[in-house]
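Position 16 of the sequence shown, counting from 1, maps to 34 under our numbering, and the rest follow consecutively.
Even glycine gets a Cβ: it sits at the ideal position worked out from N, Cα and C.
Only a predicted model underlies this, so the values are computations on that prediction, with no experimental measurement involved.
Written out below as structure tokens is the structure these notes cover.
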Amino acid sequence: MLEEATVTCPYCGEPITLLIDCSAGDQSYIEDCFVCCQPIAVSVETDPDGALLGVDAQPENS
């Protein structure tokens, strides 16, 4: 189950689209911004059925 989610880069403010694997459940990982190449800490929340509930993007160092 792959879903697209758009988040705003916490460094450059540009919207970026992430491809989320909802079958992996709740997850946290580092993704580089496609625009400014800064590392973003991405947190994904899913429900028990694997539906995407939310995606949060924060600076890696916060």
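C-beta contact flag for residue i and residue j at 8 Å
i   : j   : result
V62 : E32 : no
I90 : E78 : Residue numbering for the chain in the displayed model covers 19 to 80; residue 90 lies beyond these limits and cannot be assessed.
Limits of the beta strand (DSSP E) - the one that residue i falls within
i    : result
S109 : In the structure as shown, the chain starts at 19 and stops at 80, and residue 109 therefore has no counterpart that could be examined.
V25  : 20-26
A59  : 57-64
Cβ neighbours of residue i in the same chain (closer than 7 Å, five flanking residues each side left out)
i   : result
T64 : C40, G43, D44, L70, L71
Spatial neighbours of residue i in its chain, beta-carbon cut-off 6 Å, leaving aside the 5 residues before and after
i   : result
A23 : L36, I38, V73
M19 : C40, S41, G68
Bridge partners - residue i, DSSP secondary structure assignment
i   : result
G72 : E63
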